[in-house]
Structures are given as structure tokens and as C-alpha cells.
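Asks:
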Amino acid sequence: MTTTPDRAPSLLTGKQKRAGVAASAALLLATVLTGCAGSAQADSSALQASGSTTVAPVASDAAEALKGRGLKITVATQGGSAGGISQLGAKQIQVALSSKPLSDEDKKTYPDTDFVTTQIGADAVGMIITKEVSDGGVKSLTKEQVKGLFEGTITNWKQVGGPDLNVFVYDKEPGRGTREVLDKFVYGKGKPPLPPQSANYAVVGGNLETRNKLESTRGAIAPLSTGFIEGRAGLVAVPLDGVAPTLENVASSKYPMTRPLFMITDGQPKGSVKEYIDYLLSTEGQKLLPVHGYLTRQQMGL
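Counted from 1, the sequence shown has number 1580 at position 178 by the numbering used here; the numbering is strictly sequential.
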């Protein structure tokens, strides 16, 4: 793993780098498998999984692998992590994909659901900026600077040592796992304020949409899984308080925006659901995580 002056190191190395584009392909596969993304009724005979756009690429790859064993699984990404949890609570799906832990509010909202979480790996949420901003002098951001950027008190990159260029913030929807990781980093257990009323602030949904917005907007910043920027020369995961999202820093949790990746079920997994999750926990299934820039259970010491 190497570091260049203006780019934080990626979590992917070696052969994994050549597979970085698999994230996009896997999400496309998710749509194909569902027939209609977001519809849990696409195939009533199939096992239904839905939720996080971060977990979806791995979940889709596993579904494709198990198709050869006669197991039918559809994967969708409606509503992100919160959407998957709510669909599971409403008995619409069998597996919720989540990049955020269950909350007490989730359990109170669905008291008849016996939520069981299985961690399949971990991910780093990067504070992603454009290479133009990084080359212009932004080599690291502090917690207070991130707070200022997302609350709208820092509006030009020159305020944090960068170029004379307006900041454009792409934030995540409430309930998305990515947004919760950012909130925890900036506010701890405190409640974040309402979004700023600014023409240079917008809310985005999934990871692919976020990446597309970052690449098409000068001066943009957004929270995004670091695995989604591998091979994208115009995007940089800036270190936070001087700590870059390297494999070592994420595995040790030294990097502050590390998050677990979950498969959540109603009760202990059984039948085809158990076969699906067992595959993701197996040696073969765990190999899918580094392909998308994520850490395995073994790397996290689980």
C-alpha cells in the first residue's frame, strides 16, 4: 500500500484494484435480479433482500454465486439501510442490508420483529473531495472543519487552506448508514442541526448517485464509502484529523469513520436465508468483500 502526497491510500491493493469497477456492476446486477429495483414483489418465490447501497454489491455477488446452487435471491436498494430495516419490520423482505447498527427506535417501531444482526465485514466512510481541491491545498480536514462545511459556515475552500473555490456539499438522506457515521464523527451522541439553507447544498441517495455528483461538480464534498472511488482519478478520500482511511487504520478503528456491514433477519436465519448468510460468512463468501474495498471479518478481528 502506497501513499501519494495528494491522495489518501485506498483500502484496495493488488488484484483488488482491478476489480474496483465491480461495485457498479454489482449494483446493476441488483437491479436486474429484482426486475424492478425497489420492488420486493418482483419474484414471490425468491428470497428478498433490500437496503444499503454499500452492502448491496457484496449481497448481489453472493446471490449470483448461489444461483448456480438453485437458490433464487433478489437484491434491491430501496431507502438504504433505514429502508431495508423498515421493510424487514413490515415483513416485506427476509433480509435487510444495513451499514448502520440497529437503533432502539427501530426496535420500538417494530416490536413484533425479532431483529438478529450478522456482521459480514466492515467499511470506511471517506470524506470525499475533488482532486482539484486536494491539489489546491486541502490535505486533511479536522472534525471542526467538517462540521463547518456541512453546516454551511465554511463556504469557500480557501477557508481551510484550499483554492479560491466555492464549496458544494452533497449530503446523505437521514437514515442512511453513511449519514449516521458522519453524524457520530462530528456530533457524537448529540443531534445534528437542520441542513443549511443554501444553493450549494443538496441531498443525495445511494453511493453511485453520490459519486456521479462528486465527479460532475467543482468544489464538491460528500461522505461516501471509500470502495466506491477506487480507480476514480478525480476523487480523493481526505484524511480526517490527519488519519487516512488505510487498511491498517480502518482495521484498528484508528480511522474515525469506520462502520460495520450487516445482514439483518427476523429471528435466527433458517433455510435459504441461513444458506445465504452462511455463504457470506464462509471463506469463499468473505473473498467478495475486498473486491469492493471492504474489510473481512478476519481483518476486523471477528
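In this text, a Cβ means the ideal position worked out from N, Cα and C, and glycines have one as well. Just so you know, these numbers come straight off a predicted model, no measurement behind them.
Output needed for LYS1676: all residues of its chain with C-beta closer than 7 Å, excluding positions within five of it in sequence on either side, in chain order.
Replies: As a first step, residue 1676 is located in the sequence shown; it is residue number 274 there, counting from the start. Contacts found: none.
Asks: With C-beta atoms as the reference, is THR1667 less than 7 Å away from VAL1460?
Replies: Your numbering for residue 1667 matches position 265 in the sequence shown. Your numbering for residue 1460 matches position 58 in the sequence shown. Contact flag unset, no.
Asks: Decide if the region 1498-1518 is in contact with the region 1677-1690; the criterion is three or more beta carbon pairs, one per stretch, under 8 Å apart.
Replies: As far as the Cβ criterion goes, the region 1498-1518 does not touch the region 1677-1690, which means the pair count is below three.
Asks: Would you call LYS1713 buried or exposed, if buried means 16 or more other Cβ atoms sit within 10 Å of its Cβ?
Replies: Since the displayed the chain opens at 1403 and closes at 1704, residue 1713 lies outside it and no answer follows.
Asks: Relative to the C-alpha of LEU1551, which candidate in PRO1597, PRO1641 and ALA1451 has its C-alpha closest?
Replies: In the sequence shown, the residue the question calls residue 1551 occupies position 149. Checking every option, the nearest Cα to that of LEU1551 belongs to PRO1597.
Asks: Once you ignore the five residues that flank PHE1664 on each side, which residues in its own chain have a CB closer than 6 Å to its CB?
Replies: As a working note, residue 1664 is residue 262 in the sequence shown. Once the five neighbours on either side are set aside, the close Cβ partners of PHE1664 are SER1500, THR1519 and GLN1521.
Asks: Starting from the C-beta of ALA1427, find all residues in its chain whose C-beta is less than 7 Å away, skip the five residues before and the five after it, and write them out in chain order.
Replies: Against the sequence shown, residue 1427 aligns to sequence position 25. Since pLDDT at ALA1427 reaches only 41, below the 50 mark, its modelled position is unreliable, and no value is offered.
Asks: Please tell me whether THR1456 and SER1627 are closer than 7 Å, where the distance is taken between their beta carbons.
Replies: Against the sequence shown, residue 1456 aligns to sequence position 54. Against the sequence shown, residue 1627 aligns to sequence position 225. For THR1456 and SER1627, yes; Cβs fall inside 7 Å.
Asks: In this structure, what does DSSP give as the bridge partners for ASP1668?
Replies: If you number the sequence shown from 1, residue 1668 lands on position 266. DSSP lists PHE1517 as partners of ASP1668.
Asks: With a 10 Å radius around its C-beta and 16 neighbouring C-beta atoms as the bar for buried, classify LYS1493 as buried or exposed.
Replies: Walking along the sequence shown from the start, residue 1493 turns up at place 91. LYS1493 should be labelled exposed.
Asks: Between GLU1632 and GLY1579, is the Cβ-Cβ spacing less than 7 Å?
Replies: Locating residue 1632 in the sequence shown gives position 230, where the first residue counts as 1. Locating residue 1579 in the sequence shown gives position 177, where the first residue counts as 1. For GLU1632 and GLY1579, no; Cβs fall outside 7 Å.
Asks: From the DSSP output, which residues share a beta bridge with THR1660?
Replies: Counting from one through the sequence shown, the residue named residue 1660 turns up at place 258. Per DSSP, ALA1526.
Asks: Grab the span of the alpha helix (DSSP H) containing GLY1608 for me, first residue to last.
Replies: Residue numbering aside, residue 1608 sits at position 206 when the sequence shown is read from its first letter. Unbroken run through GLY1608: none, as it is neither H nor E.
Asks: With a 10 Å radius around its C-beta and 16 neighbouring C-beta atoms as the bar for buried, classify ASP1525 as buried or exposed.
Replies: Counting from one through the sequence shown, the residue named residue 1525 turns up at place 123. Burial call: buried.
Asks: I'd like to know if the region 1599-1608 and the region 1648-1655 are in contact, where contact means that at least 3 CB-CB pairs between them fall below 8 Å.
Replies: The region 1599-1608 is not in contact with the region 1648-1655.
Asks: Of all the beta strand (DSSP E) runs that stay within the bounds of the region 1524-1590, which reach a length of 3 or more residues?
Replies: Here the runs fully enclosed are 1570-1574.
Asks: Let's see if you can read the secondary structure: which residues bound the beta strand (DSSP E) around GLN1450?
Replies: Taking the sequence shown and counting its residues from 1, the one referred to as residue 1450 is at position 48. Run containing GLN1450: 1449-1453, per the beta strand (DSSP E) assignment.
Asks: In the DSSP output, what is THR1479 paired with across the bridge?
Replies: Stepping through the sequence shown from its first residue, residue 1479 is reached at position 77. According to DSSP, which records beta bridges pairwise, THR1479 is partnered with nothing at all.
Asks: ALA1425 to LEU1473, Cα distance in whole Å?
Replies: Along the sequence shown, one-based indexing puts residue 1425 at 23. Along the sequence shown, one-based indexing puts residue 1473 at 71. Because ALA1425 sits at a pLDDT of 41, beneath the cut-off of 50, its placement in the model cannot be relied upon, and the following sentence gives the value as read from the coordinates. Roughly 22 Å separates the two Cα atoms.
Asks: Who are the near neighbours of LYS1615 in its chain, counting only those whose CB is closer than 8 Å to its CB and skipping five residues on each side?
Replies: Here residue 1615 refers to the residue found at position 213 of the sequence shown. Here the set comprises TYR1572, ALA1604, VAL1606, ALA1622 and ALA1624.
Asks: Of all the options LEU1704, PRO1658 and SER1454, which has the alpha carbon lying nearest to the alpha carbon of THR1544?
Replies: Locating residue 1544 in the sequence shown gives position 142, where the first residue counts as 1. Ranking the options by Cα distance to THR1544, first place goes to PRO1658.
Asks: Going by the beta-carbon positions, is the gap between SER1483 and LYS1502 smaller than 7 Å?
Replies: In the sequence shown, counting from the first residue as 1, residue 1483 sits at position 81. In the sequence shown, counting from the first residue as 1, residue 1502 sits at position 100. Yes, Cβ-Cβ distance for SER1483 and LYS1502 is below 7 Å.
Asks: Can you tell me which of the three DSSP states PRO1459 falls into?
Replies: The residue you call residue 1459 lines up with position 57 of the sequence shown. It is helical.
Asks: Please name the residue or residues paired with ILE1623 in a DSSP beta bridge.
Replies: By 1-based counting over the sequence shown, the position of residue 1623 is 221. Beta-bridge pairing links ILE1623 to ILE1531 and VAL1571.
Asks: Relative to the C-alpha of LEU1504, which residue among GLY1564, GLY1453 and TYR1589 is closest?
Replies: Here residue 1504 corresponds to residue number 102 of the sequence shown, with the count starting at 1. Comparing Cα positions, the closest option is GLY1453.
Asks: Using 10 angstroms around the beta-carbon of ALA1393, count the other beta-carbons present and answer buried if the total reaches 16, otherwise exposed.
Replies: Since the displayed the chain opens at 1403 and closes at 1704, residue 1393 lies outside it and no answer follows.
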